[in-house]
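In terms of our numbering, the sequence shown opens at residue 1 and continues consecutively.
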Amino acid sequence: MRSALCLVCLGMLLLSVAVEAPRAHIGGTTGYASITVSRSTVRYTLTLPTAALPSDLAETFRLAQAGSQQNRDKLLDLLRRQIVLRANGTRCEPGPGEVMAAGFDATSFTMHLDFACGGTVQDLVVEDNIFDVLGIDHHTLAKVETDGETRELAFAPDARVARVSIGARGAAGAGTSFFKLGIEHILTGYDHLLFLFVLLLRGGRFLSLLKIITAFTIAHSITLALAVLRVVTVPGRIVEPAIALSIIWVALENLLRKDAPSQRWLISFFFGLVHGLGFASAIEPLALPPGRLALALLGFNLGVEAGQAFVVALLLPLLLWMRGTVWEPRVVRAASLGVVVMGLAWLVERVFFVS
1 MRSALCLVCL GMLLLSVAVE APRAHIGGTT GYASITVSRS TVRYTLTLPT AALPSDLAET
61 FRLAQAGSQQ NRDKLLDLLR RQIVLRANGT RCEPGPGEVM AAGFDATSFT MHLDFACGGT
121 VQDLVVEDNI FDVLGIDHHT LAKVETDGET RELAFAPDAR VARVSIGARG AAGAGTSFFK
181 LGIEHILTGY DHLLFLFVLL LRGGRFLSLL KIITAFTIAH SITLALAVLR VVTVPGRIVE
241 PAIALSIIWV ALENLLRKDA PSQRWLISFF FGLVHGLGFA SAIEPLALPP GRLALALLGF
301 NLGVEAGQAF VVALLLPLLL WMRGTVWEPR VVRAASLGVV VMGLAWLVER VFFVS
């Protein structure tokens, strides 16, 4: 009985956290930065989703879009305060910048700032503290461009500082950054976690569960790679509702079918293809060059798998213990019903309120 209660509590915890995370599958918001080094000058360009802005900055952005230079300067001051660059051990001075105009219904906007570094940049340290303003569920993906080379960086609240040696290739460091990003992505991707939870809830015994997990892993790895490599392109306005529908489908199947689904791994594979497209949205906008893309993709995918393995390791003992007990039907009904409600809420939000 105690283990059954633990399983219900785990499901309810996922639900409660998910309710607080409207941008569920990306675990918050993502900014995309381009850092261009040109001798002694560094241009920092940042694209942010407007949804990332707290209410006061959202109003500042609205006024800036209406033509207020004062409010444009306030947005640039955000970069001046929160982004710190050091070249060859000396802090670069932030200078002029610009806030690019966005359309009336734009979901993101771009601003850039030029930093004067006093000498030819050979060793660059980037410190990103924008999380102090945008919150701990925000992260930034950056590419550093210099001398025809591109490096990739990932910033998060617990990974704010990165160093780039100009002329030295940092492939291993980029792979590590994207590995960490993959772990963060799945552990804060509450819709993916809920899908996995209800999928395994009536997934049968160990071998059956293993087939389900393997099918999901293979499927989302395929579409993640295809989407990031731009072989397949599916708009987010289709992918996001489809992910919500996949959650509803499996949860309803748990509620309506009297017998345990015998071919659930097929459902896992099919919907895993959809979830892989959702995973791709985290790194696809960086538009990395082919030579760097493979390592970033590999690191990110391995991070996703590591995070998924951690979650599965927590779930499996409880699920296997519960099989065949008198509490199993009640746990399945209660958890699946809650997930249906959450899935419907996400579906409505993503169809009608997210552009």
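Virtual Cβ for every residue (Gly too), placed ideally from N, Cα, C.
- Straight through space, the alpha carbons of S281 and A296 are spaced by roughly 13 angstroms.
- Spanning the alpha carbons of S40 and T150 requires a straight line of approximately 18 angstroms.
- Taking the CA atoms as reference points, T60 sits about 17 angstroms from G135.
- Following the DSSP letters along the chain, one finds T47 inside the beta strand (DSSP E) bounded by residues 41-49.
- A Cβ-Cβ distance of about 5 angstroms is found for the pair V339 and V198, placing them in contact under the 8 angstroms criterion.
- DSSP places K143 in the uninterrupted beta strand (DSSP E) bounded by 138-146.
- Cβ-Cβ distances below 8 angstroms link L266 to A215 in the same chain, with the five nearest sequence neighbours on each side left out; the list follows chain order.
- Contact between H112 and E98 holds: CB atoms are separated by about 6 angstroms, below the 8 angstroms threshold.
- Cβ neighbours of G303 within its own chain (closer than 8 angstroms, five residues either side excluded): F178, F179, K180, L181, G182, I183, E184, H185, I186.
- DSSP, reduced to helix, strand and coil, places P96 within a strand of the structure shown.
- Taking 8 angstroms as the upper bound for CB-CB distance, Y44 and A33 are in contact here, some 7 angstroms apart.
- In this structure, DSSP gives V126 an extended state, which the three-state scheme calls strand.
- Under DSSP, I35 forms a beta bridge with Y44, V144.
- Nearest to R163 by alpha-carbon distance, out of E145, H138, V125, is V125.
- Spatial neighbours of S246 in its own chain (CB-CB distance under 8 angstroms, excluding positions within 5 residues in sequence) are listed in chain order as F195, F271, V274, H275.
- Straight-line spacing of the CA atoms in I222 and G299 works out to 15 angstroms.
- The beta carbon of L347 sits closer than 8 angstroms to those of P241, A244, L245, I248, all from its chain and outside the five residues before and after it, given in chain order.
- For V331, the closest alpha carbon among the candidates A306, G343, L255 is that of L255.
- In the DSSP assignment, I83 falls within the unbroken beta strand (DSSP E) covering 83-87.
- In this structure, the alpha-carbon of R86 lies about 8 angstroms from that of C117.
- Under the 10 Å beta carbon count, E152 is surrounded by 16 or more other beta carbons and is classified as buried.
- Taken in chain order, the complete beta strand (DSSP E) segments of 3 or more residues contained in the region 288-336 number zero; there are none.
- Taking 8 angstroms as the cut-off, the Cβ atoms of L200 and L319 count as close.
- By a beta-carbon distance limit of 8 angstroms, T110 contacts T47. Their separation comes to about 5 angstroms.
- Contact check for F155 against T140 passes: the beta carbons are separated by less than 8 angstroms.
- The C-beta of I213 has 16 or more other C-beta atoms within 10 Å across all chains shown, which makes the residue buried.
- In summary, M342 is buried, with 16 or more beta-carbon neighbours lying within 10 Å of its beta-carbon over all protein chains present.
- For E59, the uninterrupted alpha helix (DSSP H) run begins and ends at 55-65, by DSSP.
- Secondary structure note for A162: its beta strand (DSSP E) is the uninterrupted segment 161-165.
- In this structure, E284 sits away from A219, with a CB-CB distance that is not shorter than 8 angstroms.
- D77 sits away from P96, with the two beta carbons spaced by 8 angstroms or more.
- Comparing alpha-carbon positions, the option among R264, R350, R292 lying closest to P235 turns out to be R350.
- DSSP places D114 in the strand class (E or B) of the three-state scheme.
- Between R72 and A66, the CB-CB gap reaches or exceeds 8 angstroms.
- For A154, the uninterrupted beta strand (DSSP E) run begins and ends at 149-155, by DSSP.
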